[in-house]
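According to the working numbering, the sequence shown is numbered sequentially starting from 729.
Just so it is clear, CB atoms sit at the ideal spot from N, CA and C, and this is done for glycine as well.
All remarks here apply to the structure that follows.
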Amino acid sequence: MASPRHSHSSVGPQSRDSSSSRFSGGIKPGGGPRKMSSHDDRKGGRSKSDKAWKECATIEEEGLLEDEREEKGLPRRCYSLVFLLGFVILFSFFALILWGASRSQKPEITMKSVRFENFIIQAGTDASLVPTDMATLNSTVRFSFRNTGTFFGVHVSATPFVLSYDQLTLAGGEMNNFYQSRKSQRNVEVVVLGKKVPLYGGGPSLASSPGSVATVPLSLSFMVKSRAYVLGKLVKPKFEIGVQCKVVMKPAQLNTRVSLKNSCQYY
């Protein structure tokens, strides 16, 4: 009789457990809404996080696109700088070639003749009324100017033409400026005059007799300057040719041309 009681008592807890399990199983449908609400909250949080992540990804992608644009824009600027630098180098090289080529094509001067119209020595007074001999000289200098440049013309000017005797200036003249086109030449005449120039003791050595003139050694000097504008004002070579001639003025040769072909030095 004791054993059936024991078995009955053992069945009790199992029935309780099963009943409790049934009870709890019956409670599950009632607790469903709470679990569903928490699940919905999780889904809402995930959707918000997904949205935020998508926004971050979009911003990051836009930033990457901007970086790519900047990286693409940098080489373009570099190409522009390289092109500009290359153009400057090539232009400078071209200008240097033109300058070197033009410097080798120097103008040429050939002295032709000088003609003395008159040479008079007479007594007089200087500006301060000091008595002295006075010299009057009238002459014309002739020379040819040739521009050897094959691709440029030149603007030509000159320093004053000076006729002197033993460091004493007797006459002077100015040449008119002119333009000489490429590969061409012209003859130039310059009037060299001296009117009542004080000699201060030099008169007796110039006069063989009162009122007459002896043979007088004279020196003619001047410098011709020319400038070419090969490439505007960027390439403008300048040329200078100095001339110094020794000539003897003879009374018998007045109003005749005296050759200067072998009487001049060029520097």
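From residue i to residue j, what distance separates their C-alpha atoms?
i, j, result
"K953", "L809", "41 Å"
"A942", "V976", "10 Å"
"V971", "L982", "23 Å"
"K974", "Q908", "28 Å"
"D868", "F815", "Per the sequence shown, the amino acid found at residue 868 is Thr instead of Asp. Roughly 52 Å between the two C-alpha positions."
"G929", "T860", "7 Å"
"L898", "G881", "35 Å"
"E917", "N904", "9 Å"
"V919", "L934", "22 Å"
"K947", "V963", "For clarity, residue 947 is Ser in the given sequence; the question names Lys instead. Roughly 36 Å between the two C-alpha positions."
Tell me whether residue i sits in a helix, a strand or coil according to DSSP, three-state version.
i, result
"A829", "helix"
"Q850", "strand"
"V958", "coil"
Using CA coordinates, which residue listed in the options is at the minimum distance from residue i?
i, options, result
"G852", "G828, T864, R843", "T864"
"F873", "F879, I825, M839, L948", "M839"
"I848", "V944, V986, L948", "V944"
"Y994", "K834, V920, F879, D894", "K834"
"R914", "K924, V884, L896, A829", "V884"
"E968", "F844, R955, G960", "R955"
"N990", "F871, T876, L813", "F871"
Could you check if residue i is buried or exposed, using at least 16 other CB atoms within 10 Å of its CB as the buried criterion?
i, result
"G758", "Bear in mind that the predicted position of G758 carries a pLDDT of just 48, short of 50, making it unreliable; the figure below should be weighed with that in mind. Under this definition G758 is an exposed residue."
"A855", "exposed"
"Q850", "exposed"
"V842", "buried"
"I837", "buried"
"F950", "buried"
From the DSSP output, which residues share a beta bridge with residue i?
i, result
"M839", "F871"
"A899", "L891"
"P676", "Here the chain comprises residues numbered 729 to 995, so residue 676 is not present and cannot be evaluated."
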